[in-house]
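Chains A and B are the protein sequences, given in the same order.
If you want this note's numbering, it's the position in the first sequence, counting the first as 1, plus 1.
If you want this note's numbering, it's the position in the second sequence, counting the first as 1, plus 1.
Glycine residues also receive a C-beta, built at the ideal position from the N, C-alpha and C atoms.
There are 2 protein chains.
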Amino acid sequence: MLTVPTLILDVEKCKSNIAAMAENARRNNVLFRPHFKTHQSHEIGRWFREVGVTCITVSSLEMANHFAKDKWGDITVAFPVNILEIDKINTLASSISLNLLVESQKTIGQLSKTLTSPIGVFIKIDIGYHRTGVNPESTELISQILDEIDNSKLIKFRGFLGHAGHSYSARGIDEISAIHTGSIQIITGVKEHFTDRYPELIVSVGDTPTCSTMQDFGSVDEIRPGNFVFYDLSQVAIGSCTQEQISVAVACPVVSIHKDRSEIIIYGGGVHFSKERLEHPVYGGIYGQVVEGRSAGWGNIIAGVYVSKLSQEHGTISAPSAYIEAIQVGDLVKILPVHSCMTANLLKKYVTTEGELLK
Amino acid sequence: MLTVPTLILDVEKCKSNIAAMAENARRNNVLFRPHFKTHQSHEIGRWFREVGVTCITVSSLEMANHFAKDKWGDITVAFPVNILEIDKINTLASSISLNLLVESQKTIGQLSKTLTSPIGVFIKIDIGYHRTGVNPESTELISQILDEIDNSKLIKFRGFLGHAGHSYSARGIDEISAIHTGSIQIITGVKEHFTDRYPELIVSVGDTPTCSTMQDFGSVDEIRPGNFVFYDLSQVAIGSCTQEQISVAVACPVVSIHKDRSEIIIYGGGVHFSKERLEHPVYGGIYGQVVEGRSAGWGNIIAGVYVSKLSQEHGTISAPSAYIEAIQVGDLVKILPVHSCMTANLLKKYVTTEGELLK
């Protein structure tokens, strides 16, 4: 029996999300290198093997190490090289095929001096998100980084990597499509500029909104979406998925009911959901939405019932009186999270709708 | 050497914060029952013993259990009873003096039926925050809850507990003071109403802003502040402390520099800081502020240098060009967090400015 805030996983929906994205990749003739930062789970990782996945993406060396322990042998760390962790890089590079991200000559120089095993590198290109990456128009800077790579015995150039993270601010297919077209065009331009010098270079992109909805990946060779394994309310708002595709919900005990202000207090706060907030067109800022409860799994979102506030351990649910009348202290409510990556990172483990514990 | 985002603790500042709050409590003649949810650390907990603390507050049964293991024998769980965890309650109540929070007859009824060891209870009173608690004017409802308590063999009434969480939206001493006066007046009224029936009842309050700054606690018997052990940028904005009193900073590696847009990218994101955001009067929404680096510890906040964006593992620092010119990839920057409770909950362990690891 669940007694504390618990992340519930609908295995069927999750495997269906994995199968659908694998099929997208096949249809578009791109390598599927899923990002495992969303689930961080050995057992869920193995479901990707069942659809033929052999290469993965992570966002830290610690996570790379975690999955290397479960026999993943080809891992890209999609985060700019943190040279302070050179010891971890060398340990990993001695046992798996490790790809890192670089965006300056200086980092290549530092790696050259301290590497003891071979690695692959992608040059990060800013394809419009403006968080990290080399300006795609700076072909001279890219050439200089490539020269530095070519001078290094242990570093092999793999290609260009971009992340269209600005797709998270899109609302609807047209906006996702515009971002997709723009970002693909940018990274294709860089590819075309350097393809004579490096005929084997590949281009890697992959945010969940574009990978879930777009059909044309042009000359892209690899996609790296992560969030799609669970999806969440943010992805529904963007237009990447329907609410029925969300494969995780947080079960939370009701600990207090305040009919006078139409509020229910749950055990479930910022340390469980994270404080990721979504601007809802009607409710304002929300931290989750309550779904119809079922003994196993859950149903649809209930109109007007949402998490309106979070403190460290408390959550406040706003709800119409008809809902509140039917709720008792000691009930469990199930809540779709705003950002499943952050929620899963906090809750760490999963209980399937069949009651099995996954780690 | 630090290689990943790490929570640095200035032991001297931390012990000074503890001593100052213990002195506040002594001066105001109230019992000091600090909230340990902020640090969640056995070792930091022991520093409270050095100033005579024997009773503590936590926000979950799991945390109560964590501190019971380090010989804390008198613990209040300042969270509405989650009856689903009755087994944990019984186990704890059999070995320590455990106080729980109730706000309905129903919960008392459920406890009466399932308790196997004695517990104390506080009735939670809503002293203005409007998150949980009984309406202070509902003296009839309070009487009914008290009757239910008196009918139970294993439940002893301890008193009334309030939390003026609305002090977190205060800015400056005058606003804190107005909230303090109002909330003390409310809970004093409830105390006076029931003191003939229960001459030994106590009144417990204790948010960090009021406990840090106020001098008159009227007929309050106990205070339960927690955040003050570290403080943070939110408390500076409220007016609870100065920046010099903040005893934790997060050290983060610099992984990328973008001079063209005056940004530095650090290894340090929502999974390290939490996504708690503070509205700064000049910079807008911020997630942290950078301080002057020193080999051990840190100096003052650097004007214009702040965390403007966070994703899962990346942080973006906005900074003037003079600062950026002096920064190199591979440097460590030190950042004061917006909300130290959430940051400490994510990072779990501390490295002191002397390099010692605390858990």
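Cβ distance (whole Å) where residue i is taken to contact residue j below 8 Å
i	j	result
Y232 of chain B	C253 of chain B	Contact doesn't hold; Cβ gap of about 20 Å is too wide.
I120 of chain A	L155 of chain A	7 Å
T77 of chain A	T58 of chain A	5 Å
Y288 of chain B	V308 of chain B	4 Å
G219 of chain A	I185 of chain A	5 Å
L99 of chain A	P81 of chain A	About 15 Å; that fails the 8 Å criterion.
I128 of chain B	G163 of chain B	4 Å
E277 of chain A	V31 of chain A	Wrong, their Cβ atoms sit about 29 Å apart, outside the cutoff.
V135 of chain A	V255 of chain A	Actually they do not touch by this definition, with Cβ atoms about 51 Å apart.
S257 of chain B	V330 of chain B	7 Å
L312 of chain A	G270 of chain A	With the sequence shown as reference, residue 312 of chain A is identified as Ser, and Leu is not the correct amino acid for it. That pair is a contact at about 5 Å.
F274 of chain B	P338 of chain B	6 Å
E125 of chain A	E149 of chain A	In the sequence under discussion, the amino acid at residue 125 of chain A is Lys, which differs from the Glu named in the question. That belief does not hold up - the Cβ atoms of K125 of chain A and E149 of chain A are roughly 15 Å apart, past 8 Å.
T4 of chain A	L93 of chain B	About 14 Å; that fails the 8 Å criterion.
E357 of chain B	A297 of chain B	About 11 Å separates the two Cβ atoms, so there is no contact after all.
H43 of chain B	K360 of chain B	7 Å
G166 of chain B	R132 of chain B	6 Å
S263 of chain B	S322 of chain B	6 Å
V122 of chain A	F158 of chain A	6 Å
Where residue i falls: helix, strand or coil (DSSP)
i	result
T39 of chain A	coil
P81 of chain A	strand
V5 of chain B	coil
V103 of chain A	strand
V230 of chain A	helix
F391 of chain A	What the structure shows of chain A is the stretch from 2 to 360, and residue 391 of chain A is not part of that stretch, so it cannot be assessed.
D75 of chain B	strand
T115 of chain A	helix
I97 of chain A	coil
E223 of chain B	strand
N1 of chain B	Summary: the structure shown does not reach residue 1 of chain B, with chain B confined to residues 2 through 360, and so no result is reported for it.
V52 of chain A	coil
A171 of chain B	coil
G110 of chain B	helix
G166 of chain B	helix
K70 of chain B	coil
G240 of chain A	coil
In DSSP terms, what residue i is bridged to
i	result
K157 of chain A	A:G121
V204 of chain A	A:F161
V135 of chain A	A:I126
G92 of chain B	Looking at the sequence shown, residue 92 of chain B is not Gly but Thr. T92 of chain B is not bridged to any residue.
S59 of chain B	Note on identity: in this sequence residue 59 of chain B is Val, with Ser being the wrong assignment. DSSP output for V59 of chain B lists B:V78 as bridge partner(s).
E353 of chain B	It should be noted that the sequence gives Thr, not Glu, for residue 353 of chain B. B:L10, per the DSSP bridge assignment.
L359 of chain A	A:Y351
Cross-chain neighbours of residue i in chain D, by beta carbon under 9 Å
i	result
Q111 of chain A	Absence of chain D from the displayed structure is noted, the protein chains being A and B.
request  = For the stretch 242–313 of chain A, list the beta strand (DSSP E) runs that are entirely contained and at least 3 residues long, ordered along the chain.
outcome  = 249–259, 264–268, 279–281, 285–287, 289–294 and 299–311
task = Decide if the stretch 216–229 of chain A is in contact with the stretch 315–323 of chain A; the criterion is three or more beta carbon pairs, one per stretch, under 8 Å apart.
result = no
task = Identify every run of the beta strand (DSSP E) within the stretch 310–351 of chain B, keeping only runs that are complete inside it and at least 3 residues long; order them along the chain.
result = 315–319 and 333–338
request  = Could you tell me whether the stretch 349–356 of chain A touches the stretch 10–24 of chain A, where touching means 3 or more Cβ pairs closer than 8 Å?
outcome  = yes
query = In the stretch 176–221 of chain A, which residue ranges form an unbroken beta strand (DSSP E) of at least 3 residues, counting only runs that do not cross its ends?
reply = 203–206
message = For the structure I just gave you, are there three or more beta carbon pairs, one from the stretch 289–300 of chain B and one from the stretch 105–124 of chain A, closer than 8 Å?
response = no
ask   = Does the pairing of the stretch 243–262 of chain B with the stretch 233–249 of chain A give three or more beta-carbon distances under 8 Å?
value = no
ask   = So, do the stretch 235–242 of chain B and the stretch 48–55 of chain A have three or more beta carbon pairs nearer to each other than 8 Å?
value = no
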